[in-house]
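Heads up, the thing below is written out as structure tokens.
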Amino acid sequence: MPEAAASDMPGSGLGLAVARRLLHQMRARLGGGEVRARGVLLRGIARHGHARHPRRRSRRPVAPRRPSACDHRDPMHVSRLSLIDLRTFRRLEVELTPGVHVIAGANAQGKSNLLEAIAMLATTRSQGSGTDLDLISWDALAEDPIPAARLEAEVTTVGGREHVEVSIVGQMITVGVPPQRAGRRFRVNGIARRASDLIGRLRVVLFAADDLAIIDGPPANRRRYLDITLSQLDPAYVRALQRYTRVLEQRNSLLKRLQERRGKPDELDFWDGELAEAGAIILAARAEALRVLGRDAAVTYAELAASESEALEVIYEPRVPAAVAARLREHDLAARFLDALVAGRMEDVRRGLSLTGPHRDDVRFLIGGHAAGVSASRGQQRSAALALRLAEVGYSKARTGDAPVLLLDDILSELDPARRARVLSVAYGVDQVFITTPDAAHPSRAELPGAIRWRLHAGAIEAGD
Numbered sequence: 308m309p310e311a312a313a314s315d316m317p318g319s320g321l322g323l324a325v326a327r328r329l330l331h332q333m334r335a336r337l338g339g340g341e342v343r344a345r346g347v348l349l350r351g352i353a354r355h356g357h358a359r360h361p362r363r364r365s366r367r368p369v370a371p372r373r374p375s376a377c378d379h380r381d382p383m384h385v386s387r388l389s390l391i392d393l394r395t396f397r398r399l400e401v402e403l404t405p406g407v408h409v410i411a412g413a414n415a416q417g418k419s420n421l422l423e424a425i426a427m428l429a430t431t432r433s434q435g436s437g438t439d440l441d442l443i444s445w446d447a448l449a450e451d452p453i454p455a456a457r458l459e460a461e462v463t464t465v466g467g468r469e470h471v472e473v474s475i476v477g478q479m480i481t482v483g484v485p486p487q488r489a490g491r492r493f494r495v496n497g498i499a500r501r502a503s504d505l506i507g508r509l510r511v512v513l514f515a516a517d518d519l520a521i522i523d524g525p526p527a528n529r530r531r532y533l534d535i536t537l538s539q540l541d542p543a544y545v546r547a548l549q550r551y552t553r554v555l556e557q558r559n560s561l562l563k564r565l566q567e568r569r570g571k572p573d574e575l576d577f578w579d580g581e582l583a584e585a586g587a588i589i590l591a592a593r594a595e596a597l598r599v600l601g602r603d604a605a606v607t608y609a610e611l612a613a614s615e616s617e618a619l620e621v622i623y624e625p626r627v628p629a630a631v632a633a634r635l636r637e638h639d640l641a642a643r644f645l646d647a648l649v650a651g652r653m654e655d656v657r658r659g660l661s662l663t664g665p666h667r668d669d670v671r672f673l674i675g676g677h678a679a680g681v682s683a684s685r686g687q688q689r690s691a692a693l694a695l696r697l698a699e700v701g702y703s704k705a706r707t708g709d710a711p712v713l714l715l716d717d718i719l720s721e722l723d724p725a726r727r728a729r730v731l732s733v734a735y736g737v738d739q740v741f742i743t744t745p746d747a748a749h750p751s752r753a754e755l756p757g758a759i760r761w762r763l764h765a766g767a768i769e770a771g772d
């Protein structure tokens, strides 16, 4: 594409410079020569008014492989994606290549569902609200004796190619009555595994409009953000989090019994020791992650909000005594956390729950020294959330040596040209990106040279113009 086309990008000299730089980067990544969009047709069947999908597997089109400046290794990317009876999708199979994929479609056509599926294959969790049962298509719930949704992907990484699968299966409680709940099952390379064995084989960073809830929502939102981010990077964190959750439930149950004078106080010794060991791993990991994320997010925020003099601060607030919080990087953290649990037993018994530990942590975002969730404007909050996500991309790559897959769920339309250019410059620094948009003309070809474009309607996807 001629460089003169970059003048179509919104903005003045900044837009032109960024577009030229992105074009140069893309040409370098493709090994030189002309930049051209290449991809494959995603064959999808919408759930509206179509017959059940045939059992015979259709032949999938295969995209020609893109040459890369990093041909000595395979970058992390989804090389094949299959969705069956997931929300609006009856059946979708596609083989993918690295690159930037732009998915255009009107609202409520399934754009977010597609990105949610990729994120769920990375984290095992739905990024949206609702229950697991809500993930199964309406047709499957109405027609199948045991309704289920299945998500599969071939994931290519530095270490090779792996097949990951998540199934959401409706659980029949009463014969003849539709299922009221669903359970998740996981497979890696065809072998049944636990969720903890699947997490992190694919890593993603999801940018979504509801990221603002990290800034202005309740503490649970910020803990969830940390857990999803760190679980993809560190299997030890996943194991510690699962262990901590189980032990916390047992300890709280015992505290309730002690509150009702039905238990033995010395039973807390065992559970406190277990909680301290797992909790120390979580506390230390969160503290170190936020040290880096906070530093990098502050730098990025200053770039995004260049017209403002107020700085962003990200402060970890662990729910442990100050003496413990001051030593989160020490080897004796578990012992200090245990001392805090023992010291707080009387109040814990009185309340019937555990008042100390990472399950009550919070993270404070300050802009100009004031709480961002309360005092900042929506624009400032959006910049803070965006800065955090951009910092997460760099942190993930630094921790693993491989860039994560980026998922941008209809956020570019809400950004001004400078912020949009900053996000797109990061997008061209990773190996695979999926961008959803309600307007096929935006982002423009000048902003995204060489992008693969798709149209999405009612769960069916076809190649775009």
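Following the numbering used here, the numbering of the sequence shown begins with 308 at its first residue and continues without gaps.
All C-beta atoms in this analysis are idealised placements derived from N, C-alpha and C, irrespective of residue type, glycine included.
Just so you know, these numbers come straight off a predicted model, no measurement behind them.
Check	Outcome
Output needed for Asn496: all residues of its chain with C-beta closer than 7 Å, excluding positions within five of it in sequence on either side, in chain order.	Glu469 and His470
Tell me which same chain residues have a C-beta within less than 6 Å of the C-beta of Arg387, skipping the five on either side of it?	Glu402 and Glu461
If we ignore side chains and look at the alpha-carbon of each, how far apart do Ala678 and Ala618 end up?	12 Å
If you reduce the DSSP assignment to three classes, tell me which class Gln478 lands in.	strand
What do you get for Leu329, buried or exposed, if any count of 16 or more other CB atoms within 10 angstroms of its CB means buried?	Caution applies to Leu329, whose pLDDT of 45 falls short of 50 and renders its modelled position unreliable; the value that the coordinates give is listed next. Buried.
Which two residues bound the contiguous alpha helix (DSSP H) that contains Ala499?	That residue, Ala499, is in no alpha helix (DSSP H); its beta strand (DSSP E) goes Ile498 to Arg500.
Looking at C-alpha atoms only, which residue of Leu399, Gln687, Asp668 and Pro454 is the closest neighbour of Ala613?	Gln687
Taking only three categories from DSSP, how would you classify Thr463?	strand
Between the alpha carbons of Val737 and Glu584, how many angstroms are there, rounded?	36 Å
Mind checking which residues open and close the alpha helix (DSSP H) that includes Val401?	No alpha helix (DSSP H) contains Val401, which is instead part of the beta strand (DSSP E) from Phe396 to Glu402.
Does the Cβ-Cβ distance between Tyr735 and Leu600 come in under 8 Å?	no
What residue range is occupied by the uninterrupted beta strand (DSSP E) comprising Tyr735?	Element bounds for Tyr735: n/a, residue is neither H nor E.
Helix or strand or just coil, what does DSSP make of Leu390?	strand
Are the Cβ atoms of Leu555 and Val656 separated by less than 8 Å?	no
Where does Met383 land, buried or exposed, given buried means 16+ other C-beta within 10 angstroms?	buried
Return the first residue and the last residue of the beta strand (DSSP E) that Glu754 is part of.	Glu754 -> no beta strand (DSSP E), and no H or E assigned at all.
So, helix, strand or coil for Thr552, using DSSP?	helix
Does Ile759 pass the burial test, meaning 16 or more other C-beta atoms within 10 Å, or should it be called exposed?	buried
Measure the CB-CB distance between Leu590 and Val670 and report whether it falls below 8 Å.	no
Can you tell me whether DSSP reads Thr743 as helix, strand or coil?	strand
Report the rounded CA-to-CA distance for Asn528 versus Leu399, giving the unit in angstroms.	32 Å
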